[in-house]
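Visitor: Chains C and G are the protein sequences, given in the same order. According to my numbering, numbering within the first sequence proceeds without interruption in unit steps and concludes at 314. According to my numbering, numbering within the second sequence proceeds without interruption in unit steps and concludes at 314. We put the beta carbon where it would ideally sit given N, CA and C, even for glycine. This is the structure I have questions about; it appears just below.
Number of protein chains: 2
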Amino acid sequence: MPLVNESDVLKMISERARTEDTRVLLGPGDDLAHVAVGGESLLAGVDQVIDGLHVRAARVSWDRIGIKAVHRAVSDIAAMAGKPLATLASVVLPPTSSKSDVDALCSGLNNSATRVGAPLVGGDIAIHRDASHPLTVSVTVLGTPVEPGPVLRSGGQAGDLLVVTGVLGGSLDSDGDGPHLDFSPRVQEALWLRAQYGEQLHAMIDISDGLGRDTGRLAQSSGVVAAIESAMIPCRGGASVEQAMSDGEDYELLMAISPACELIECIPVGGGCPLHVIGRLEQGDGESQPLVRLIEPNGTTTDVTDSGWDHGS
Amino acid sequence: MPLVNESDVLKMISERARTEDTRVLLGPGDDLAHVAVGGESLLAGVDQVIDGLHVRAARVSWDRIGIKAVHRAVSDIAAMAGKPLATLASVVLPPTSSKSDVDALCSGLNNSATRVGAPLVGGDIAIHRDASHPLTVSVTVLGTPVEPGPVLRSGGQAGDLLVVTGVLGGSLDSDGDGPHLDFSPRVQEALWLRAQYGEQLHAMIDISDGLGRDTGRLAQSSGVVAAIESAMIPCRGGASVEQAMSDGEDYELLMAISPACELIECIPVGGGCPLHVIGRLEQGDGESQPLVRLIEPNGTTTDVTDSGWDHGS
């Protein structure tokens, strides 16, 4: 009896991702779905945080788990340059959960959702039967697109600049702590970018699984290949290029912008958010070229298409 | 360290169910939330199906688990007389899941969602680390209200007739099989009822946790008490009144309708769906009266407010 693996699951989903319902403007395969609601439209997606896969519940305060679960979902709104609308949470608790831990989790979910402008409007909480069963928090996020519409993964063009917000790598400490628990989704930054660059902001994705893997997703959706200059990657203090390529859980934005744009160095939102050009999209030459290649200062290249963290999801 | 229980969790959620965001037309506490999307509006909710709590994954074909997960969520759209729009699913699989089981689960989710008019537009699948971790399927459902608006739990009035669709009780066989896996959410029936009775259809809820408990929820939200006539409850063949009161997982509709309505006996939708008057809502007399009382043919009454199945949720 063959067991399931991640690629099977992705294949099963993509094979079924077609619907003839004209209300579905964009189905599975991007950061979020896009659905018509009467004369308006809605962005919607769901993301999970699971003890043992995305957090270590025994080592961190549960309010931070709630915050991470909301921010992780809302980061997908940022990736499409949408405006947050609301969130819903479904939670399964181990029966050994303490009242104070669950109270902290609810606070984290509720307060972070309010703070990012996507108030928690519904949910479902169940209690597992077995103490070994892991805490599972699933957050659905709803948002609304802004003019001229959501930024998809698929709009990248050969010649586009590849640009990232913030710094990458080293998001997860060896003790399970680290920036992956404390990041803020780049919602306001994405809205600023869309307002500033309009349709010249061709494609965008949030970096959840590592720069290599997520660049591959953007390139593949756009039907092009990507070249990243190793020396241009903004690494978090202490993180190597390899970590930036593969650690994941950064939740920064990766975008493809027309080379005609005059890029600024820092998005003037909040405390300011640096923007770095890290490479380009190119026309692929067929089979021989990797989807994403990393170019070292000495000119050697490496295929980094599969550099990234496998969440088991 | 006090452990959490269901009533703690409900208290924690209700205490936080307030938001000042004017886009939130109705927050947690009803079957679904109601949110403004520009000039339109949206119904949204989330429900879970967990191995060991709601299904026994080792004993049933996984397509039926997918179908149940979708139908359970969409039943909340029926409860508000809404029109289904779309669904999203988040799934956590045990690492021992076979490809064929997961394929069946995806088919069940996708096909049932399409069939009820709420195509699956997004999702997230993760794989647990430990073979003992239970299959968890969470489905978010989106819908749109119809005129004159969603039917809430809170609109019931003293004097209203309490009416149920279909038959109740015996939804779960001793081997884990039974009608709880094969029900169809009463979406078309609810739309027919709203079109037929308009604003005289005062309040509605779907019966997921047992007639006693769900009647209590409707009565409490409406600020009244309920009297149910034991002899008038439509029991499924072989089921007792006690089972109808407490088994749960029926997914029939319970509604409060103005006594001025001329009720028909069968909703002319699909194969026809029986409607039964089972009691009335009444003005409570304060503290002494139970929220829901069951009246036997000999006149004796029982407090059945807490008759129902505790899902641990």
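Are the CB atoms of S209(C) and D215(C) nearer to each other than 8 Å?
Guide: Yes, the pair counts as a contact, with Cβ atoms nearer than the cut-off.
Visitor: Let me see if you follow: with CB-CB separation under 8 Å, is E288(G) close to chain C or not?
Guide: No, E288(G) does not count as interfacial toward chain C.
Visitor: Kindly indicate which residue of P260(G), S139(G), G150(G), H72(G) has the alpha-carbon position closest to the one of E253(G).
Guide: Out of P260(G), S139(G), G150(G), H72(G), H72(G) has the C-alpha closest to the C-alpha of E253(G).
Visitor: Write down every uninterrupted run of the alpha helix (DSSP H) in the stretch 189-271 of chain G whose length is 4 residues or greater and which is fully enclosed by it, in chain order.
Guide: Runs of the alpha helix (DSSP H) inside the stretch 189-271 of chain G: 212-223, 242-247.
Visitor: For H35(C), write down the residues that DSSP places opposite it in a beta bridge.
Guide: Looking at the DSSP assignment, H35(C) forms a beta bridge with L27(C), L44(C).
Visitor: Taking only beta carbons into account, state which residues of the stretch 27-41 of chain C come closer than 7 Å to chain G, listed in chain order.
Guide: Listed in sequence order: G28, P29, L33, A34, V36, V38, G39, G40, E41.
Visitor: Listed from N- to C-terminal order along the chain, which residues in the stretch 91-110 of chain G have their beta-carbon within a distance smaller than 8 Å of any beta-carbon of chain C?
Guide: Going along the stretch 91-110 of chain G in chain order, one finds S91, V93, L94, P96, T97, S98, S99, K100, S101, D102, V103, D104, C107, S108 with a Cβ nearer than 8 Å to chain C.
Visitor: For the pair the stretch 258-274 of chain C and the stretch 147-167 of chain C, tell me if three or more CB-CB distances fall below 8 Å.
Guide: Segments in contact, yes.
Visitor: Per DSSP, what kind of secondary structure is P180(G) in: helix, strand or coil?
Guide: Looking at P180(G) - three-state DSSP - the assignment turns out to be helix.
Visitor: Strictly under 8 Å for the Cβ-Cβ distance: is I14(C) near chain G by that measure?
Guide: Judged by the 8 Å Cβ criterion, I14(C) is in contact with chain G.
Visitor: How long is the line joining the alpha carbons of L219(G) and S308(G), rounded to whole angstroms?
Guide: Their backbone Cα atoms lie some 14 Å apart in a straight line.
Visitor: May I have the straight-line CA-CA distance separating G144(C) from V140(G), to the nearest angstrom?
Guide: If I take the Cα positions, the gap works out to 18 Å.
Visitor: Contact criterion: CB-CB distance below 8 Å. Does Q284(C) meet it with respect to chain A?
Guide: Here chain A cannot be found, since the structure's protein chains are C and G.
Visitor: What residues from chain G crowd round S139(C), counting only those whose CB sits closer than 7 Å?
Guide: What S139(C) touches in chain G: S91, S139.
Visitor: Quick one: is Q284(C) buried, meaning 16 or more other Cβ sit within 10 Å of its Cβ, or exposed?
Guide: When all chains shown are included, Q284(C) counts as exposed.
Visitor: Rounding to the nearest angstrom, what Cα-Cα distance links G39(G) and E41(C) in this structure?
Guide: Straight-line Cα distance between these residues: approximately 6 Å.
Visitor: Please report how far the alpha carbon of H181(G) lies from the alpha carbon of R17(C), in whole angstroms.
Guide: Looking at the two C-alpha atoms, the distance is approximately 26 Å.
Visitor: For L43(C), go through chain G and note every residue whose CB falls closer than 7 Å to its CB, in chain order.
Guide: Near L43(C) (Cβ distances below 7 Å), the residues of chain G are V38, L43.
Visitor: Within 8 Å, do at least three Cβ pairs link the stretch 110-129 of chain C to the stretch 61-79 of chain C?
Guide: Contact holds: three or more Cβ-Cβ distances are below 8 Å.
Visitor: Using 8 Å as the limit for Cβ to Cβ distance, is A127(G) near chain C?
Guide: Judged by the 8 Å Cβ criterion, A127(G) is in contact with chain C.
Visitor: Can you find the residues in the same chain that come closer than 8 Å, C-beta to C-beta, to S15(G), ignoring five residues on each side of it along the sequence?
Guide: Excluding positions up to five away in sequence, the list reads P29, G30.
Visitor: Rounded to the nearest angstrom, what separates L169(G) and I51(C) at their Cα positions?
Guide: Each residue's Cα considered, the two are about 36 Å apart.
Visitor: Going by CA-CA distance only, name the one from D176(G), L295(G), G83(G) that's closest to V226(G).
Guide: Looking at the Cα atoms, L295(G) is the closest of the given residues.
Visitor: I'd like to know whether the C-beta of A204(G) is nearer than 8 Å to at least one C-beta of chain C.
Guide: Not an interface residue.
Visitor: Under 9 Å between beta-carbons, which chain C residues line up against G53(G)? List them in chain order, please.
Guide: Chain C residues near G53(G): H129, R130, D131, H134.
Visitor: Nearest-angstrom Cα distance between Q201(C) and I258(C)?
Guide: Straight-line Cα distance between these residues: approximately 6 Å.
Visitor: Going by other Cβ atoms of all chains shown within 10 Å of its Cβ, with 16 needed for buried, is S314(C) buried or exposed?
Guide: For S314(C), the pLDDT reaches just 37, beneath the cut-off of 50, and the residue's location in the model is therefore unreliable, leaving the point undetermined.
Visitor: Tell me, please, whether the CB atom of M2(G) is closer than 8 Å to any CB atom in chain C?
Guide: Yes, M2(G) counts as interfacial toward chain C.
Visitor: Can you tell me which of the three DSSP states G313(G) falls into?
Guide: Caution applies to G313(G), whose pLDDT of 39 falls short of 50 and renders its modelled position unreliable; the value that the coordinates give is listed next. In the structure shown, G313(G) sits in coil (DSSP, three-state: anything other than H, G, I, E or B).
Visitor: If you follow the beta strand (DSSP E) that L143(G) is in, where does it begin and where does it stop?
Guide: Where L143(G) is concerned, the enclosing beta strand (DSSP E) stretches over 137-146.
Visitor: Check for me: the beta strand (DSSP E) holding T303(G) runs from which residue to which?
Guide: Segment 302-304, the beta strand (DSSP E) holding T303(G).
Visitor: Taking D22(G) as the query, report the chain C residues whose CB atoms sit under 7 Å from its CB, ordered along the chain.
Guide: Those are P120, listed as they occur along chain C.
Visitor: With DSSP as the reference, label D102(G) as helix, strand or coil.
Guide: Reduced to three states, the DSSP call for D102(G) is helix.
Visitor: Per the contact definition of three or more C-beta pairs closer than 8 Å, is the stretch 121-141 of chain G in contact with the stretch 176-194 of chain G?
Guide: Touching, no.
Visitor: Do you know offhand how far P3(C)'s Cα is from K100(C)'s?
Guide: Between P3(C) and K100(C), the C-alpha separation is close to 41 Å.
Visitor: Measuring only between beta-carbons, confirm whether D251(G) sits less than 8 Å from chain C.
Guide: No, its Cβ sits nowhere closer than 8 Å to a Cβ of chain C.
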